[in-house]
Structure formats: C-alpha cells, structure tokens
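In the UniProt record's numbering, the protein residues as written are 1 to 363.
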C-alpha cells in the first residue's frame, strides 16, 4: 500500500508528522495532491484544545486546500488528472454537515459521518474529498496556489452575503471588520457591486484596513470607530451610509471573545426591511432590540460557512478579475515545518496575512 506524510492529531495538544497510508479513490470521491492549505490564526487553538471542537481522534487535521487532481472514483467523469482545483471542507448530507478534518459536527449523525469515512483532512501530501466539494480553477488564473488558498476565507464571506441577497448599489455594514475572516467580506461585497461600512474599536486597525484598498474603490468603503455605546454607534453608522438613511444589510462576524454590544447598533442602523446575517462565533447570548426589529421589519438569519454554489461563485469572480486576492502569504511552510507554521499563524491575528502549509514544499 502506498504511503504519505501527514500531520496526525492524536488528542488535544498532540500533533505529529507521521507516515500513513495514502487514501484511495472510491465512488463519489476524488484524490488530490495538496499544493497549499491555509492555516488561520486560531487553528493552533483548535489543535491545543483551547477551542473544543468535536474531533474523532486520531485524524489527519486540515482546512480547505488548493490541489491537483490525481485520481477519482469510477462514477466521477468531470475531472482530468493534473487539473487545478480548490477543495472545500464542508461536507453536507441533506441537513447534516461536517467540516472534514476540522470539526466533527454537532448531531449524532454528523459525528458518525466524521468518525468514519470523512474523518481526515488535507494537512498531508494527498487528501480525499467528495467530488461535489472539488471545484475546478481555470488555467487562465495567474495567481499561485499559495495565493489561491485565500479562497478559503472568501467563500464563507460570500456565503454570508448571498444568504441575505446583497445586491449591487446597496450599502452593507460589516461589524467587526478587522479579523481574518471578517475582513474578507470587504472584497466580496465590493465585487458584488455594493458599498461597505466597516466598524471596529481600533482606529489604527481601521485605518490600515481601509488604506489597503485606497486607489481602487472610489470611496466605497466608509469606516466607523465603535465606542460600545449603542446609541452613539447607531448614529455614527447611519451617518456613514448614503444620505444618512441607514444600511440595506448588516453582516456580523464577531469572534468568540466579543461581548456582542455592537449588535444592537448594527441592527438599529439598518433601513426598514433591512437584512442581518449572523456569521460569527459569539458564544454568549446577545441582547436584541426587539421593538426596532419588529417596527422596521428586519430579517435576521444565521449562516454557517458556505454552500457549493458560493465556492463556485468565488472562483468565477476571481477568474473574471472582479475579485482580487489580497492577503499576504506567510511561508509557504513544509509539513516538517509545522511548528513554525503554527507559531506564525498564532502571531498573524488580523486581516492582512495568511499562513500557508505546502506539503510538497522543500523545507
């Protein structure tokens, strides 16, 4: 049996580089040679157990990846060997879903899926994905596989925008705006033809974030420094929208440590019939302004990651030149450099950097 190198997580805090059997193709699946897999800032927290995700130990950990097709099941007719692809790690079965090699799910059925066939991720030389999770990338794209790994942060951003039907000409609030995933909403919203108002409590972070887009956006990004006072922040957010009339949509990408105090301001800064998407990871309960939500007919929905169509759409936007890749690649790091990669990821908290693991890269 053929073998490969992979990063195997045996339990929280116990990650090691090992030689393991190479996966083989089965009906409905594709085997890919992994070229680039992103490692964002809180991956070290998952591996250490600080973020307690259900994981079926031992497993090959992993996120999404850019890869080349090597082989596929007998029923898979839509790929060719060597084809450049992006592999999404959210696997869906009817209403169930798991995040392959990353989160084993919440329900008993989801955990059964991750405990068995779809256990392993892509921090390895080769990986197996469901055929529907493998998305071709045109050979016309000039970005490197390492740069294309940014698709991993853009696809959930588009999933959030599409969930509330963001349209050209609209104004979208993004709170908070300076994280690894939240910042990816900005280029996505701009690519969809909408404007964006970004909020954060850090003036310095906002200035750096917006300056990254200067010269290309013609004033389509407005920034608001949040104070934590809902009334004051509502007025500031409204004032940043066209005519001070409020925003059409609001995407919330708050991290676990957020207290949620900004949520009321975001909702109250919406126009009548505004839409709100909760796409963050706030753990504690958040107070909502019931009266304004009712009076203004506000729609609120949650969005977990992305669907297959969102991934395909991100790739089309990149292929057309409408959506630009903006994160600065750190690395790439070979598998045997995984400790250095983890250290770099932990230090890269924020919007502008992306650590990339490249299994075939020379150390």
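Beta carbons are placed, not taken as given, at the ideal position from N, Cα and C, and that holds for glycine.
Predicted, not measured: the structure shown is a model, and the values here were computed from it.
Buried or exposed: where does residue 135 fall if 16 or more other Cβ atoms within 10 Å of its Cβ makes it buried? buried
Please work out which residues of its chain come closer than 7 Å, Cβ to Cβ, to residue 272, disregarding the five sequence neighbours upstream and downstream, and give them in chain order. 296, 297
Here's the rule I'm using: 16 or more other beta-carbon atoms within 10 Å means buried, otherwise exposed. How should residue 285 be labelled? exposed
Kindly indicate which three-state DSSP category residue 245 falls into: helix, strand or coil? coil
What is the DSSP secondary structure of residue 162, reduced to helix, strand or coil? helix
Under the three-state reduction of DSSP, which class applies to residue 133: helix, strand or coil? helix
Restricting to Cα atoms, I'd like to know which of 185, 93, 336 is closest to residue 367. It is not possible to answer for residue 367, since the shown part of the chain is limited to 1 through 363.
Are there 16 or more other CB atoms within 10 angstroms of the CB of residue 283, so buried, or fewer, so exposed? exposed
Tell me, please, whether the region 42-51 touches the region 184-198 by the rule of three or more beta-carbon pairs shorter than 8 Å. no
DSSP-derived helix/strand/coil call for residue 36: strand
Taking residue 289 as the reference, give the member of 163, 269, 32 with the closest Cα. 269
So residue 195 is in the beta strand (DSSP E); what residue range does that whole segment cover? 195-200
Return the first residue and the last residue of the beta strand (DSSP E) that residue 269 is part of. Here residue 269 belongs to no beta strand (DSSP E), and DSSP marks it neither H nor E.
According to DSSP, simplified to helix, strand and coil, what is residue 262? helix
State the DSSP-derived secondary structure class of residue 250, mapped to helix, strand or coil. strand
Please list, in chain order, all residues of the same chain as residue 132 whose beta carbon is under 7 Å from its beta carbon, the five residues on each side excluded. 308
By Cβ distance below 8 Å, which residues in the same chain neighbour residue 57 in space, the five residues on each side in sequence not counted? 9, 10, 11
Collapsed DSSP secondary structure at residue 302 in the structure displayed: strand
Helix, strand or coil: which one does DSSP assign to residue 353? strand
Span of the alpha helix (DSSP H) holding residue 238? 230-239
With C-beta atoms as the reference, is residue 313 less than 8 Å away from residue 59? no
Can you name, in chain order, every residue of its own chain whose Cβ lies under 8 Å from the Cβ of residue 208, other than the five neighbours on each side? 352
Measuring straight from C-alpha to C-alpha, what distance separates residue 89 and residue 55? 14 Å
Please state whether DSSP places residue 340 in a helix, a strand or coil. helix
Endpoints, the beta strand (DSSP E) within which residue 282 is located: That residue, residue 282, is in no beta strand (DSSP E); it is neither H nor E in DSSP.
Would you mind giving the Cβ-Cβ distance between residue 81 and residue 70, rounded to the nearest angstrom? I have them listed as a contact below 8 Å. 6 Å
Apply the 10 Å Cβ neighbour rule to residue 100 and answer buried if 16 or more other Cβ atoms are within range, or exposed otherwise. buried
Within 10 Å of its beta-carbon, does residue 106 have 16 or more other beta-carbons around it, so buried, or fewer, so exposed? exposed
Do you know how far the Cα of residue 300 is from the Cα of residue 395? The question about residue 395 has no answer here: the residues shown for the chain are numbered 1 through 363.
Residue environment, residue 316, which counts as buried when at least 16 other CB atoms sit within 10 Å: exposed
Report the rounded CA-to-CA distance for residue 156 versus residue 253, giving the unit in angstroms. 10 Å
Between residue 124 and residue 142, what straight-line distance do the alpha-carbon atoms span, to the nearest angstrom? 25 Å
Hey, would you say residue 36 sits closer than 8 Å to residue 148, going by beta carbons? yes
For the putative contact between residue 171 and residue 194, defined by C-beta atoms under 8 Å, what is the C-beta separation to the nearest angstrom? 7 Å
Which first and last residues belong to the beta strand (DSSP E) in which residue 360 is found? Careful: residue 360 lies outside any beta strand (DSSP E) and carries neither H nor E.
Take the Cβ of residue 108 as the centre, count every other Cβ of all protein chains shown within 10 Å, and call the residue buried at 16 or more, exposed below. exposed
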